[in-house]
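Engineer: Numbering (my numbering), first residue to last: 11 to 142. For glycine and all other residues, C-beta sits at the position ideal for the given N, C-alpha and C.
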Amino acid sequence: MTRVAAAVLWRDGRILICRRGPGGSCAGLWEFPGGKVEPGESGAACAVRECREELGIEIRLSGELGEASYRYPEREVSLCFFEGTVERGEPRAQVHSELRWAAPEELGGYGFCPADEALVAALSKRKGPQPE
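#1: Just the Cα atoms here: how many angstroms apart are PRO139 and LEU75?
#2: Please report the distance separating the alpha-carbon of ILE67 from that of PRO83.
#3: Taking contact to mean 3 or more Cβ pairs, one atom from each stretch, closer than 8 Å, check whether the segment 47 to 67 and the segment 123 to 139 are in contact.
#4: Tell me which residue opens and which closes the alpha helix (DSSP H) that CYS61 is part of.
#5: Can you give me the start and stop residues for the beta strand (DSSP E) that VAL96 sits inside?
#6: Once you ignore the five residues that flank ARG24 on each side, which residues in its own chain have a CB closer than 7 Å to its CB?
#7: Could you check which residue in ARG81, ILE27, GLY38 has the C-alpha nearest to that of LEU19?
#8: What's the call for GLY33, buried or exposed, on a 16-neighbour Cβ count within 10 Å?
#9: Quick one: what does DSSP say LEU109 is sitting in, helix, strand or coil?
#10: Check each candidate in VAL105, ARG70, ARG21 and name the one with the smallest Cα separation from GLY45.
#11: Quick one: what does DSSP say VAL130 is sitting in, helix, strand or coil?
Dropping the structure here:
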């Protein structure tokens, strides 16, 4: 099973979503920034590292949102979702084809990776981040 961590980043009542590039699993679908957890790395540390590497930003996490598992045809993933904000930098699409700040109620209009769909449904009912 592949362990994955992702960050739900808020700014002005909107959430950062990233569109996967062509090729590979979930090509062209939307996701929350993150990636594979390295051996010995915590999920939170992975989310911070992946946002630095893939988006060129420093983030601050405020808590864990939950976990999900999903079996894709090629592998099974275990995801851990964290909530936070951008502390420094402006997100840049370095490995994604597109980035967007979307209001929670708009999330259902985007095609997300299947492993993210339960979280998308829960976030679509929220107005902002959970209080710290």
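Structural biologist: Once the coordinates are examined:
#1: 10 Å
#2: Their backbone Cα atoms lie some 32 Å apart in a straight line.
#3: No contact exists between the segment 47 to 67 and the segment 123 to 139.
#4: 53 to 65
#5: 86 to 98
#6: TRP111, ALA112, ALA113
#7: ILE27
#8: exposed
#9: strand
#10: VAL105
#11: helix
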